[in-house]
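Working notes, beginning with the structure itself.
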Ligand SMILES: Nc1ncnc2c1ncn2[C@@H]1O[C@H](COP(=O)(O)OP(=O)(O)O)[C@@H](O)[C@H]1O
């Protein structure tokens, strides 16, 4: 059940029913160069580790520690399954229970966003979905979210940043929206450090390369330099999309007998071990060996994926949809099944591969980009394949939805590979029932000293020469100077709805050409404030983004955030995190706008030195008539002749 | 008047070109790369973007799309065709215009508001302008550096086929500051900057881009009434 | 000719969207027996004096190839033999 | 290996800003005896059956090279000999 886009230009008829996977005689998986992959590629007697084999060899030693699972976590897996996990299952648990996917350290704190959220009737989807969705008129909604791609971008700046944009755009797409813009809050080490000269141009070219090729205007972002980010730059990416309210999509794999379809690029050995290792481990040594785990993006394929998904939504052909991001098929299969409470049966040999020798574990763990998972009613399958064919993307039926319970037992996710059953698990155990930690927190020991070193003690410029020198030094400083070198590399015009972009305080987009309805967006954060006081620092980031949106004339209505911190296993970092979340939740409560979604990025550190706690906050506002937006510059004379200037506030 | 806007896989400014046609007072007809039928349009715009991901060279693969074969024939027969950015690259790859567009000399993608000077106002797409008029429209490309051999360049200049030049700075290193050229008949125009992004006060740096689309409508009205295209050589 | 040629190709496991797009276009040219196309870079380094493989290797390693996703090979250029250079 | 290699280089009279940029960066690596760097494309075409030079030449001529700015050369791939392929 595969459409093979053998050529995008020819009108070749879809070739259906062609199995794309070579038969079981495939050569054993060859190591992809990443050490932990060798652990993942677990082959026995020419075949994979099966459920049956796991039952028969209960005492076999498994490399759970190497995969990042603690002893008690491993014991819990054995308890859940009533046996040892297979190699594939072990890989799946290690991925889904990683910090990045399970939010095991942050969950207990993030709850405040829901608990303190003001009453809100605009929010159509919130925390827990791929991205929050906010209704902005009777018939239109927007969805927006900011995410991190910090570690991959340090290893391979161009591809890391590019796939960061690609990933967040798929989140937006998965909600039923057409992505309409991107923003990029960035943090680098010292501007004059040689490694910044490697990382920054690559990151900027990658964000531009992917976003420009996708046809998404870049309407704002941040570029901040600070030595604390030297070994660990922050590459956050935000995307916003627009949807008719009734096109809102869900990830539930509902409907017994519905078909599970993999749409988009073929699967290769990209980023295997990426999520669990890159995003959830300290990033100091071994960077060399991890390199092959970077993903490479293809924005052209993503553009085709966007167009085909939108056509599928509009034709009502999709029951459920989920993007494939950090944890690839593992995450998409378990989350769609768990969300619906159903079971699922998947035949892995049907997955179209770039490299035929991939093992089932590798297929499940691959982070190949530009893929989506669809749940489709069987009678709609042909239409779905035809749309994919039209746009020249692969579409393959790889499985089906099975009962939510049989004989009193909850549904199972059963995955086979050439007649070997390699996975048989309750999907919820992977997606929802991961470990949750209330990590110890302790105020950083140096904080009192740091706070005692007050700005008032700094020398002040007094003479006019000193003042002049100070002003010149400030405007020449990398954090304040002109950012045109970066922003000129981004297309801000494409789609024809950009009303304000760089260097304005907020990006403003026209959403509806007929009514003039528009939105404003700003992302802000200040790691130095947050280092001094994470509670106030987070509130200040929120206040700044809120103000930037408000000054355009928009009414701020919703928040997204990316929380960039050091290791959660360090009580001082965990304290910073807890304080920042409390500050952001309190701030949102005071301002009366909800957090609709976001992302946590831990383990941002070089050796033992954590970055400044860096909560990045995005605020969305609505302009009923976008023509009335207020730009930041003074209108040129003579229009402005005689205008009065006021300072508002304290 | 019906102006077709082609969508290739990877076209990005196709919706914007269609909007510009509408704002200028024309009817925009969306054409699909895989459909060789032009559906009776009176003119065609090849929009900006990254057709086929700009694999190999920009425009190299789009040239072989079924719709392009029809357009190439029709263009040789006088159909007004405007190639914007990627569309310009496609026209060069299809040998409907001479020369080639190569990597920007500074090696970066560059997006800025750019001044141009109109130098040929007798093409199908530029009659709304006055000779020597300076306009401001966005430029945004990574491979917009126009190159051709000296003989071709001299020929373009000699025949008045340089349609527009960059002024107050050359954003990509194009030879002789060339921003737009036309074929000998004046019906096919390729332009690197984006007139379709300067058609509304709210979203563009000016309304200067509108002239390209109103020119085509005027030209079509003229030819419908029996008028003839004078071509670049008459300048 | 004191010339060293460096060929830089994506590692075999890395996605090559360019090659893929070209391969997909071939049927339009009437070509059906091509199974794959990979696109890399060919770099010609001209030395003032003797061609210096070690220097060339260092240049390739530091400037020309991205070791994260690419491999390179390097050789002194042999004068064009069978391979016809065509000025198309 | 049924593989044909097509090398596409900019014509000598066409400016190559990328090659220029690499050449300009060399002194910082301490390299001073390089007189020029040119960057082109290397395309590997894998045939399902026998490598077909004529087909490859046609592909190169129509698609892989733009005759306005580029020349190409074409050959059946000989297995790597002296040229060491380095997995950097
Ligand atoms: N800092 C945060 N603030 C609010 N919501 C968050 C935050 N971090 C994560 N979330 C929410 O938790 C859910 C899971 O996040 P994530 O794993 O990033 O989503 P995805 O599955 O798209 O990768 C999402 O709905 C996200 O919006």
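Residue numbers (the numbering used here), protein chains in the order written: chain A, 27 to 676; chain B, 25 to 259; chain C, 108 to 195; chain D, 108 to 195. All residues carry an ideal CB built from backbone N, CA and C; glycine is no exception.
Beta-carbon neighbours of residue i, restricted to chain C and to distances below 7 angstroms
{"i": "residue 196/A", "result": "Simply none; closest approach about 16 angstroms."}
{"i": "residue 295/A", "result": "120"}
{"i": "residue 184/D", "result": "The contacting residues do not exist; residue 184/D stays about 11 angstroms from chain C at best."}
Beta-carbon neighbours of residue i, restricted to chain D and to distances below 7 angstroms
{"i": "residue 123/B", "result": "175"}
Run of the beta strand (DSSP E) containing residue i, from where it starts to where it stops
{"i": "residue 161/A", "result": "158-161"}
{"i": "residue 204/B", "result": "202-206"}
{"i": "residue 143/C", "result": "141-154"}
{"i": "residue 103/A", "result": "From DSSP, residue 103/A is part of no beta strand (DSSP E) but of the alpha helix (DSSP H) over 97-107."}
{"i": "residue 171/A", "result": "166-174"}
{"i": "residue 491/A", "result": "Unbroken run through residue 491/A is the alpha helix (DSSP H), 490-502; no beta strand (DSSP E)."}
{"i": "residue 468/A", "result": "Unbroken run through residue 468/A: none, as it is neither H nor E."}
{"i": "residue 248/A", "result": "244-251"}
{"i": "residue 114/C", "result": "110-117"}
C-beta atoms of residue i and residue j nearer than 8 angstroms
{"i": "residue 94/A", "j": "residue 124/A", "result": "yes"}
{"i": "residue 121/D", "j": "residue 186/B", "result": "no"}
{"i": "residue 150/C", "j": "residue 126/C", "result": "no"}
{"i": "residue 259/A", "j": "residue 180/A", "result": "yes"}
{"i": "residue 267/A", "j": "residue 169/A", "result": "yes"}
{"i": "residue 211/B", "j": "residue 102/B", "result": "yes"}
{"i": "residue 53/B", "j": "residue 27/B", "result": "yes"}
{"i": "residue 320/A", "j": "residue 182/A", "result": "yes"}
{"i": "residue 560/A", "j": "residue 645/A", "result": "no"}
{"i": "residue 188/A", "j": "residue 236/A", "result": "yes"}
{"i": "residue 209/A", "j": "residue 234/A", "result": "no"}
{"i": "residue 395/A", "j": "residue 192/A", "result": "yes"}
{"i": "residue 613/A", "j": "residue 565/A", "result": "yes"}
Opening and closing residue of the alpha helix (DSSP H) in which residue i lies
{"i": "residue 588/A", "result": "Residue 588/A -> not in any alpha helix (DSSP H); beta strand (DSSP E) instead, spanning 581-590."}
{"i": "residue 334/A", "result": "325-340"}
{"i": "residue 238/A", "result": "220-240"}
{"i": "residue 416/A", "result": "407-417"}
{"i": "residue 129/D", "result": "124-132"}
{"i": "residue 128/A", "result": "125-128"}
{"i": "residue 173/D", "result": "Where residue 173/D is concerned, there is no enclosing alpha helix (DSSP H), given that its DSSP letter is neither H nor E."}
{"i": "residue 162/C", "result": "160-166"}
{"i": "residue 357/A", "result": "354-366"}
Listed by chain order, chain B residues near residue i by CB distance under 7 angstroms
{"i": "residue 128/D", "result": "131"}
{"i": "residue 525/A", "result": "226, 227"}
Given residue i as reference, the closest of the options once Cα atoms are compared
{"i": "residue 176/D", "options": "140/B, 102/B, 125/B, 184/B", "result": "125/B"}
{"i": "residue 241/B", "options": "29/B, 98/B, 36/B, 48/B", "result": "48/B"}
{"i": "residue 286/A", "options": "264/A, 358/A, 237/A, 531/A", "result": "358/A"}
{"i": "residue 109/B", "options": "93/B, 225/B, 135/B", "result": "135/B"}
{"i": "residue 636/A", "options": "608/A, 647/A, 602/A", "result": "602/A"}
{"i": "residue 158/A", "options": "634/A, 133/A, 265/A, 617/A", "result": "265/A"}
{"i": "residue 138/C", "options": "180/D, 169/D, 184/D", "result": "169/D"}
{"i": "residue 219/A", "options": "197/A, 504/A, 412/A", "result": "504/A"}
{"i": "residue 141/B", "options": "63/B, 204/B, 229/B", "result": "204/B"}
{"i": "residue 429/A", "options": "148/A, 274/A, 634/A, 282/A", "result": "282/A"}
Partner residues on chain C for residue i, Cβ-Cβ distance less than 8 angstroms
{"i": "residue 77/B", "result": "124, 125, 128"}
{"i": "residue 80/B", "result": "125, 128, 129, 146"}
{"i": "residue 88/B", "result": "132, 135, 136"}
Chain D residues whose Cβ lies nearer than 9 angstroms to that of residue i
{"i": "residue 84/B", "result": "170, 171, 173"}
CB contact below 8 angstroms: residue i versus chain E
{"i": "residue 133/D", "result": "Absence of chain E from the displayed structure is noted, the protein chains being A, B, C and D."}
Self-check item: chain D contacts made by the segment 148-171 of chain B, where a contact means CB separation under 9 angstroms
Solution: 169, 171
Self-check item: Residues in the segment 138-161 of chain C having any Cβ partner in chain B nearer than 8 angstroms
Solution: 146
Quiz prompt | Under 9 angstroms (Cβ pairs) to chain C, residues found in the segment 174-208 of chain A | solution = 181, 182, 184, 185
Practice problem: Please name the residues in the segment 598-616 of chain A whose beta-carbon is closer than 7 angstroms to at least one beta-carbon of chain C, in chain order. | Solution: none
Quiz prompt | Members of the segment 203-235 of chain B near chain A, C-beta cut-off 7 angstroms | solution = 218, 221, 226, 227
Quiz prompt | Members of the segment 317-335 of chain A near chain C, C-beta cut-off 9 angstroms | solution = 317, 318, 320, 321, 322, 323, 324, 325, 326, 327
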